[in-house]
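Undergrad:
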Amino acid sequence: MTNVLLIIFIISLLYVSIANRIITYVRVLALQGVILFGVTFLQLKDIQTWNLVLILLETVVFKAVAVPMFLGYLIKRNKITRETEPYLPHFISLIIITMIVVITILLANSIQDTHLDKIFFIVSLSTLFTGLYFIASRKKIITHVMGYLMIENGVFVLSLAVGNEMPNLVNLGIMLDVFASVLILGIFLNKIGDVFKAVDVDQLSNLKDY
Amino acid sequence: MTGIYLISAFVIAGLIFANRNSLINNILIVIFGILQTAFTIYSCYHYKSTVLEYFTFDSLGLLLLMTLSVITIPALLHSYLYIKRHDETPSSRAIYFAALIFLIASITAAYLANHIAVIWIFTEMTTLSASMLIYHHRNKLALEGTWKYVFICAISITFVFIGILFLSLSLQHAGSNDLSFCKPDAL
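Sequences listed follow chains A and B, in order.
Using my numbering, the first residue of the first sequence is number 328, and each one after it goes up by one.
Using my numbering, the first residue of the second sequence is number 1425, and each one after it goes up by one.
1. Mapping the DSSP letters down to three states, classify H1539 of chain B as helix, strand or coil.
2. Determine, using beta carbons only, whether G1569 of chain B comes closer than 7 Å to chain A.
3. May I ask you to list the residues that DSSP assigns as paired with F1479 of chain B?
4. For a contact defined as C-beta to C-beta under 7 Å, what are the partners of N347 of chain A on chain B?
5. Which residues in the same chain have their Cβ closer than 6 Å to the Cβ of D1602 of chain B, if we skip the five residues on either side of it in sequence?
6. Taking the DSSP output, what are the residues bridged to R538 of chain A?
7. Leaving out five residues before and five after L1536 of chain B in sequence, what residues of the same chain have Cβ atoms less than 6 Å from its Cβ?
8. Which of helix, strand or coil does DSSP assign to D444 of chain A?
9. In or out: A1610 of chain B buried (at least 16 other Cβ within 10 Å) or exposed?
10. Is the separation between the beta-carbon of L571 of chain A and that of V343 of chain A shorter than 7 Å?
11. In terms of residue numbering, what span does the alpha helix (DSSP H) encompassing S1604 of chain B cover?
12. Taking the CB atoms as reference points, tell me whether F578 of chain A and V450 of chain A lie closer together than 7 Å.
13. Which residue marks the beginning of the alpha helix (DSSP H) containing T1426 of chain B, and which one marks its end?
14. Given a cut-off of 7 Å on the beta-carbon distance, is the pair I1507 of chain B and R1517 of chain B in contact?
15. Is the stretch 358-367 of chain A in contact with the stretch 384-396 of chain A, if contact means three or more CB pairs nearer than 8 Å?
16. Which of the three DSSP states is assigned to Q1596 of chain B in this structure?
17. With the cut-off set at 7 Å, would you say S1473 of chain B and F1481 of chain B are in Cβ contact?
18. Does the ligand COA have even one heavy atom less than 6 Å from the beta-carbon of G360 of chain A?
19. So, is the C-beta of L1591 of chain B closer than 7 Å to a C-beta in chain A?
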């Protein structure tokens, strides 16, 4: 069951790579939050109740409900246009992300480690590189934020792989998520939309050494 | 003393943040300077002892802490003069000094921590307070700089976390799951 959920997670990455609208990204992020809760619930067997409540709050309430609602609100408030405006065609994005997944599988197979669950390693690394690819290949600032949130999901999966031995690391990962999302989204909500009219990264190029 | 230092530093930062009177502001800054110096002297007299389980006064930490405390005094003085000569509003002055004291206290705690996860937490706190300092002037360039700083720091701190995860994986090979690098008996 865990494997099925993780494979759905990978498929969602491929789906995002050919998505044309920003709202699709938001929905996929919500779906990934729900999948993460399922994986956590199945994976961490001997876990205290308060710890489970914390993870439930973080994955379902925060990742699957609060952040997508907040992103939707940002898109409306700042009048961000619907298209994601990639630098490359969607087809090439799909090929690159497939290449990322394949290379990660090859890499994971070359590592001989009994403590490392292979499918967790593959899913987390490919999510991480996919997030970096999204940051590099999309024009809008809000898609950069979404790429960052995707990297966080990948790190969360990786922390689950070692979570049975060290549950404190999962809690730390949750702290990272909440801290950075609040910081980045807070800045984005409050200021950038007001000051910069069209929110492309091309606008953020005035800062220079004189 | 470490607990007292951390709590009082954060309380001073909070008081400065809430306060709008310039005299009380200056008194609090002087109190923080004295506190930082006193804590440095205290830690020199308690070389190689561990307090609160996660803080150790080891050689490297002490060296860096002394450097930080030497730099703190001129930094506070320079900030005072800078704010005075630029006619800042009371609220922006309060945010500036609160963030500065928060930053110095977090750096101090990060130097002395002996557990890699605790260091990581305090590094996050330095990111937060430094972004408040960068955003001091609140104009377009400051916003651009803050955005770039926050985004790059958030991604890099994520990668640091991945490094900690891999470190804990390889520690399991060695038959240990202890991420602190400064055992009291190994000193």
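Built from N, CA and C at the ideal position, the CB exists for glycine as well.
TA: Put simply:
1. strand
2. yes
3. B:V1475, B:A1537
4. Those within 7 Å of N347 of chain A in chain B number zero; the least Cβ separation is about 24 Å.
5. none
6. Nothing about residue 538 of chain A can be reported from this structure: the residues present for chain A run from 328 to 537 only.
7. F1479, G1485
8. coil
9. Unreliable positioning characterises A1610 of chain B in this predicted model, as indicated by a pLDDT of 49, which lies under 50. The coordinate reading is nonetheless provided below. Exposed, by the Cβ-count rule.
10. It is not possible to answer for residue 571 of chain A, since the shown part of chain A is limited to 328 through 537.
11. Where S1604 of chain B is concerned, there is no enclosing alpha helix (DSSP H), given that its DSSP letter is neither H nor E.
12. The structure shown does not extend to residue 578 of chain A, since chain A spans only 328 to 537, so no value can be given for it.
13. 1426-1442
14. yes
15. yes
16. helix
17. yes
18. In the structure shown, the ligand COA is absent, as is every other ligand, since no ligand is present at all.
19. no
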